[in-house]
């Protein structure tokens, strides 16, 4: 592998990932509820891939599947590869907390009764690494002695980011890391991600704040009802709807206040009540008979799209 | 918490305790004077040949003809001087009876409290970790049955199995009958303690087990456990670093808050095993119309339950950092 290939080789490749939950319905009948039907994406070294989509589109489950922390009643199919290797449960256990790091939403993800320093250190880090991470994000030494509830909003953010950088991470999965944050604090957090990516790590940024994603991400993947409908360079999203490939991503962009501010009618179908063929068909202006079949993700104009009409 | 704030808090707590004792004493005093017990008849016996004049004289001397408030205040005044009256049943000052019997009951309750706490907590953690598995189902059913079964019935069951049928333990009392007090050994006492302690432990264990189990399940599905797992902690580390820490405080608090159940269970267990503690004294006092003893025991039990609640409150303030170090950093 030469240097150029190495620089752009994917850290993470998710292909046709499916996630289903087994649950009891009406008494003792056990059914499998498929909540993610076909997710595909890849994250390269040094790249930030933003994943956007409304709630219920499967964004957080993807994060949990990568880290191997889905609940016991979940089952998965498809493949998740990490640096070319199939990410088995054993490898997930090996890498999580060192090479693969999750950055959670809020301070609720910290043990309320444990001091922050000890938590950042975790079971796989040292006191020195924790101090270095705190220094890196401008946290005072004595902040390590605080309990999570004593952190201010900004400190909490920096503490959560510092949990990911004890040993240099290769893949960061950030699950909604900027909810309810002021614009400045959100930008600061995203700048931290950019820095981490610039050291060669891949960053998977899960968010529903597309504005922020646009400003920082290299590519953007759009999820709809548990499928990837489009993956495109962030520049295409900035250009506007006409540069995009899938009618849902166009509608998504058009619905933003600074654009047409125009919502489309209808709602995302619920898991368990998914139509066959294209999941977006019943809300789509381009719908035709061709939309009823199985639709694959295919390359179009430097991006990927799951739509028969895209060109 | 500032120093002045702390002092104010402590004063408030003592104020509440005082108020509670006053209310309990008034209520029980009124209840017992309205009950169909004539203290005089209870004292001299129904077969007494005492003349009516003599009876009137005693009633006059005891102040039975005074109004209710006057009688109440006389009683309170005497109590404040350490005089709780004479127990008719035991022909001894009430304070001595309580003092003597409390020692027996305290040992019984303390042992059962500690055993049910430790065992219940451990069972709760184990069954919470195996949620839905056979072990969990067995523990849950066992606890629910124990919680719904009347404790005297459980006591009788234990008594008939272990003392009567198997003959492993004595059927009652705190020491072998017919032995001089000086000859009673520690092992004699322990031997007599085992069944009552066992019964009271079994009776108290259900609540703490179910509570700990519930708490563990709640914490196991919390975001911070999820995140700790995502950071590479294995199950053993999750339990030792987070779950024990987060379940211990609520469990200890629950255990202190269950002082009232403990006291009630103790009274029944003692009665079943004729164990000479406060519980049997209460039954005897009630059957004999022993007013001073009943009132004394009522006050003691109120004080006991109040202390349990008080300790639970203080523990939360001392141990939980969210209360101890309240307020932000900036």
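Protein chains in written order, with this note's numbering: chain W, 1 to 311; chain L, 1001 to 1330. Even for Gly, the Cβ is constructed at its ideal location relative to N, Cα and C.
Closer than 8 Å to chain L by CB, residue 23 of chain W: no
Which residues DSSP lists as bridging residue 39 of chain W, in chain order: W/17
Neighbourhood of residue 1286 of chain L by C-beta, 8 Å cutoff - its chain only, sequence neighbours within 5 removed: 1294
CB contact check: residue 1213 of chain L to chain W, cutoff 8 Å: no
Unbroken beta strand (DSSP E) run spanning residue 227 of chain W, endpoints: 227-233
Alpha helix (DSSP H) runs wholly inside the region 1038-1069 of chain L, at least 4 long, in chain order: 1039-1044, 1052-1062
Run of the alpha helix (DSSP H) containing residue 75 of chain W, from where it starts to where it stops: Not the alpha helix (DSSP H): residue 75 of chain W falls in the beta strand (DSSP E), residues 74-82.
Neighbouring residues, chain W, relative to residue 1351 of chain L (Cβ below 8 Å): Given a span of 1001 to 1330 for chain L in the structure shown, any question on residue 1351 of chain L remains unanswerable.
Environment of residue 1227 of chain L [buried if 16+ CB atoms lie within 10 Å]: buried
is_contact[residue 82 of chain W, chain L] using C-beta, thresh 8 Å: no
Enclosing alpha helix (DSSP H) for residue 100 of chain W [first to last residue]: No alpha helix (DSSP H) holds residue 100 of chain W; the beta strand (DSSP E) holding it covers 100-103.
Under 7 Å (Cβ pairs) to chain L, residues found in the region 57-72 of chain W: 67, 69
Whether residue 159 of chain W touches residue 139 of chain W by CB criterion (8 Å): yes
Member of W/150, W/213, W/146 whose CA lies at the smallest distance from the CA of residue 174 of chain W: W/213
C-alpha distance - residue 1196 of chain L paired with residue 1273 of chain L, whole-angstrom precision: 7 Å
Residue span of the alpha helix (DSSP H) that contains residue 1305 of chain L, given as start and end: 1291-1319
Endpoints, the beta strand (DSSP E) within which residue 107 of chain W is located: That residue, residue 107 of chain W, is in no beta strand (DSSP E); it is neither H nor E in DSSP.
Residue from L/1081, L/1170, L/1201 whose Cα sits closest to the Cα of residue 1187 of chain L: L/1170
Proximity test, Cβ basis, 8 Å: residue 1130 of chain L and chain W: no
Opposing strand residues paired with residue 303 of chain W [DSSP bridges]: W/300
Buried/exposed call for residue 1270 of chain L, threshold 16 Cβ in 10 Å: buried
CB contact below 8 Å: residue 109 of chain W versus chain L: yes
Chain-order list of residues whose beta-carbon lies under 8 Å from that of residue 123 of chain W (same chain, five-residue window excluded): 97
Neighbour flag for residue 102 of chain W against chain L, beta carbons, 8 Å: yes
Reduced DSSP category for residue 189 of chain W - H, G, I as helix; E, B as strand; rest coil: helix
Reduced DSSP secondary structure (H/G/I, E/B, other) of residue 1183 of chain L: helix
The region 1170-1196 of chain L: positions lying closer than 9 Å to chain W by Cβ: none
Through-space distance from residue 65 of chain W to residue 35 of chain W, alpha-carbon basis: 12 Å
8 Å Cβ cutoff met for residue 243 of chain W and residue 264 of chain W: no
Exposure of residue 14 of chain W, with buried meaning 16 or more beta-carbon neighbours within 10 Å: buried
C-beta contact flag for residue 1172 of chain L and residue 1090 of chain L at 8 Å: no
Pick from W/149, W/184, W/121, W/76 that is closest to residue 166 of chain W, judged by C-alpha positions: W/121
8 Å Cβ cutoff, residue 1230 of chain L in contact with chain W: yes
Chain-order list of residues whose beta-carbon lies under 7 Å from that of residue 1156 of chain L (same chain, five-residue window excluded): 1272
For residue 30 of chain W, the residue or residues it bridges with in DSSP: W/24
N-terminal and C-terminal residue of the alpha helix (DSSP H) that residue 1239 of chain L is part of: That residue, residue 1239 of chain L, is in no alpha helix (DSSP H); it is neither H nor E in DSSP.
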